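Below is one structure; the comments refer to it alone.
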Amino acid sequence: MDQLITYSLHLADTTLILAQRNAEWCAHGPILEQDIAITNITLDLIGQSRNFYQYAATLINQSAEAVAEPATEDSLAYLRTEREYKNLLITELPNGDWANTILRQFFFSVFQFGLLEQLQKGSDAQLAAIAEKSIKETTYHVKWSSEWVIRLGDGTEESHQRMINAIHNLWTYTGEFFIPAVYEKDVLPHVDFDALKSAWLEKITEIFTEATLSVPPASFMQTGGKTGHHTEHLGFILTDLQHLQKTYPGAEW
Amino acid sequence: MIPELQTIWSLLEEVKDPEVPVLSIPDLGIVREVKIYDDLIEVIITPTYSGCPAMDMISMDIRLKLLEQGYKNIRVSYQLSPAWTTDWMTESGKKKLQEYGIAPPQEKRVRKMLFDEDEEIICPRCQSSHTKLLSQFGSTACKALYQCQDCKEPFDYFKCH
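What follows is the structure, given as structure tokens:
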């Protein structure tokens, strides 16, 4: 049960933090339609995140450790500390330029698509139901971000160079997708992470080829997010995200 | 259908999608089931998109509509699976969308994940099929933005989902 709670929180935190990052583009997108696109993706991610937090809250409240104050989706998002957050490191990195933002979305969405397929086949009915709902949205995210990778990679000299810089920034954060934490192995005994990784790499290679970009060689990969060991960026995000509830506990509007 | 159940379904016809006010929630296909217990009415709805901000408002509107008619004990619950699909939208709902200026979702076909051919979407104003996708993401999560190449009007397309 504890492992399932932690895993649900990991999924919730990951989608929330990526949404929070993408939302920084609101009213700053390169053109209006793309501003709307990235914020729509943000909305999908927040919706998915809420479903995972609600599930985690239900499980926590059912468990023996339940305290007088029941957990809610809000208490889990607003009142947990940096070390309690279990999001993937890649989601908390600064947005950088548009190339960096869309490349992160592309890496993440292709990974998320494969993961959601597996969750649908898993033994937990609620995770399967959330996955069934989410994967329809993720399909759009994959398509949109792939098209941008190709547009910029196979674009101008400047856009191509920016994609190369983005790959350089982000690549070592992609390994974490496929290095399961203890709780993941426990909740997802049916998932072969190596197979998930091969399928991911195949899709990345296909799009990169079309985008005239090269897939970097295997290298050292950053880990830690899944167990609460974060980069220096997460603290700043949470300060912003949680400011109101920490300053005015229980505030509602 | 027992008479009271029929009454409740017809009351739900009066609850509209706040984003697309010509559509009732049964038109939209999000009401999965209505259950009547001894002293409790349960309405089970399914979200269109995970993050659809209209859902909270819709569940409040359902509650208000039933309270107005004297029902006291009402529960609105959410069901995620099976996931909502535009196939559940009624034919009359699709017609109302069209008249409202939003191209209705077209017949579902197998979707390849990447680079499937862009669907041919009919302009709701001049019925031309000579239209162009401007953005996969429109004014709400459920819509994409198109432009008609003949009458030049931009329009929303209710995405097939």
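One line per chain: the protein sequences are V and R, in this order. Residues in the first sequence are numbered from 34 upward in steps of one, following the numbering used here. Residues in the second sequence are numbered from 353 upward in steps of one, following the numbering used here. Ideal placement from N, C-alpha and C gives every residue a C-beta, glycine not left out. Since the model is a prediction, treat every value here as computed from it, not as a measurement.
Residue contact with chain R for V/Ala-214: absent (no Cβ-Cβ distance below 9 angstroms to any residue of chain R). Counting the other Cβ atoms within 10 Å of the Cβ of V/Asp-227 gives fewer than 16, which makes it exposed. With respect to the 9 angstroms criterion, V/Gly-268 and V/Glu-170 are not classified as neighbours on the basis of their beta carbons.
DSSP, reduced to helix, strand and coil, places R/Lys-387 within a strand of the structure shown.
Residues are counted here when their Cβ sits less than 7 angstroms from a Cβ of chain V; for the segment 410-422 of chain R the count is zero. For V/Tyr-216, the enclosing alpha helix (DSSP H) covers residues 215-220.
In this structure, the CA atom of V/Asn-202 is about 44 angstroms from the CA atom of R/Ser-429. Assignment of R/Ser-429 by DSSP, reduced to helix, strand and coil, places it in the strand class.
By the Cβ-count criterion, V/Cys-59 is exposed, with fewer than 16 other Cβ atoms from all chains shown falling within 10 Å of its own Cβ. With a threshold of 16 other beta carbon atoms within 10 Å, R/Glu-356 falls short and is exposed. R/Cys-478 places its beta carbon 9 angstroms or farther from that of R/Asp-508. Within the segment 69-80 of chain V, Ile-69, Ala-70, Ile-71, Thr-72, Asn-73, Ile-74, Thr-75, Leu-76, Asp-77, Leu-78, Ile-79 and Gly-80 place their CB atoms closer than 9 angstroms to a CB of chain R, listed in sequence order.
Against chain V, the beta carbon of R/Phe-489 has neighbours under 9 angstroms at Glu-66, Gln-67, Ile-69, Ala-70, Ile-71, Thr-72, Asn-73, Ile-74, Tyr-173 and Trp-177, listed in chain order. At a beta-carbon threshold of 7 angstroms, the residues of chain R lying near V/Ile-163 are Leu-432, ordered along the chain.
Between V/Leu-229 and the set V/Phe-146, V/Gln-53 and V/Ala-104, the nearest pair of CA atoms involves V/Phe-146. DSSP places R/Pro-506 inside the beta strand (DSSP E), whose first and last residues are 506-510.
Close to chain R, meaning a Cβ-Cβ distance shorter than 9 angstroms, is no residue of the segment 194-209 of chain V at all.
Where R/Thr-483 is concerned, the enclosing beta strand (DSSP E) starts and stops at 483-487. For R/Ala-493, the C-beta contacts it makes with chain V under 7 angstroms involve Asn-73, Leu-76 and Asp-77, in order along the chain.
When secondary structure is reduced to three states using DSSP, V/Val-224 falls in the coil class, being assigned neither helix nor strand.
Counting C-beta pairs with one atom in each stretch, the segment 397-415 of chain R and the segment 431-439 of chain R have three or more that are closer than 8 angstroms, which means they touch. Within chain R, no residue has its CB atom less than 7 angstroms from the CB of V/Asn-94, the nearest being about 17 angstroms off.
Pairwise C-beta distances place the segment 175-190 of chain V out of contact with the segment 214-224 of chain V, as fewer than three of them are shorter than 8 angstroms.
Separation of the CB atoms of V/Glu-190 and V/Gln-255 is rounded to 30 angstroms, and the pair is thereby denied contact status at 8 angstroms. Taken through DSSP and simplified to helix, strand or coil, V/Lys-119 comes out as coil. Residue environment analysis places V/Leu-271 among the buried positions, since at least 16 neighbouring C-beta atoms fall within 10 angstroms of its C-beta. DSSP, read as helix, strand or coil, puts R/Ile-474 in coil. By the C-beta criterion, the segment 36-51 of chain V is judged to be in contact with the segment 104-118 of chain V, since at least 3 inter-stretch pairs fall below 8 angstroms. Taking C-beta atoms as the reference points, R/Phe-510 and R/Cys-494 count as a pair closer than 9 angstroms.
In the three-state DSSP reduction, V/Ser-247 falls in the coil class, being neither helix nor strand.
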